[in-house]
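In mature numbering (1 follows the signal peptide of the UniProt record, and there is no 0), the protein residues as written are -22 to -1, 1 to 146. Reviewing the structure listed below.
Below, the structure written as structure tokens:
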């Protein structure tokens, strides 16, 4: 049995997750109210301890209980195997989910979803509120790059003088 402790605001929540296949109805006897157990028979279900009794709860449709965070989450879909094949390493938005993004590493996709209500902003490569993401979305004209030959030559000349003088 693994025990995970973490703070949420000012209250502490203790989560116990068991790999057992059956739930013990007496598990909450004498335990604090903040105790939460994953339901071993239902991915959407979890139990909280109230007054020494186990109370069953269910996540919303489309969500599962994640014991590691003690909350209901949207399950991660299997990453699209070909998504990163021809892409350089980096972070890319999911074209089908505004909150989702892929991290491509050596052609392998690692899929992640921002926590609700955040959305993935590809401009900043971060999870942000919808209002914040809209502030970052601006259209800029194409950037023109100019080659400045004179500066490049003077830097080269300076570097040669320093090298020949034994500065390095």
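The beta carbon of each residue, even a glycine, is placed where N, CA and C say it ideally should be.
Cβ-Cβ distance between residue i and residue j below 8 Å
i: residue 6; j: residue 34; result: no
i: residue 91; j: residue 54; result: yes
i: residue 37; j: residue 50; result: yes
Residues near residue i by beta carbon distance below 6 Å, same chain, minus five either side
i: residue 87; result: 57, 61, 62, 80
i: residue 116; result: Unreliable positioning characterises residue 116 in this predicted model, as indicated by a pLDDT of 46, which lies under 50. The coordinate reading is nonetheless provided below. If we look at residue 116 and ignore the five residues flanking it on each side, it has no Cβ neighbours.
i: residue -2; result: Confidence at residue -2 is low in this model, with a pLDDT of 40, below 50, so its placement is unreliable and the value that follows should be read with caution. Excluding residues within five positions, the ones whose Cβ falls inside 6 Å are 18.
i: residue 97; result: 76, 77, 108, 111
i: residue 67; result: 82, 83
i: residue 73; result: none
i: residue 70; result: 80
i: residue 21; result: 42
Start-to-end residues for the beta strand (DSSP E) that takes in residue i
i: residue 13; result: 13 to 16
Residues near residue i by beta carbon distance below 7 Å, same chain, minus five either side
i: residue 24; result: 14, 15, 16, 17, 35, 43
i: residue 40; result: 52
i: residue 89; result: 54, 55, 57, 78, 80
Sequence-distant residues of the same chain with beta carbon closer than 8 Å to residue i, five excluded per side
i: residue 139; result: Per-residue confidence for residue 139 stands at a pLDDT of 41, beneath the threshold of 50, marking its modelled position as unreliable; the derived number appears in the next sentence. Contacts found: none.
i: residue 95; result: 107, 108
i: residue 104; result: 98
Below-8 Å beta-carbon distance, residue i vs any chain E residue
i: residue 105; result: No chain E appears in this structure, which consists of one protein chain only.
In chain order, each beta strand (DSSP E) run of at least 3 residues that lies wholly inside the stretch 28 to 110: 31 to 36, 42 to 44, 49 to 51, 68 to 71, 78 to 83, 86 to 91, 97 to 99, 104 to 106
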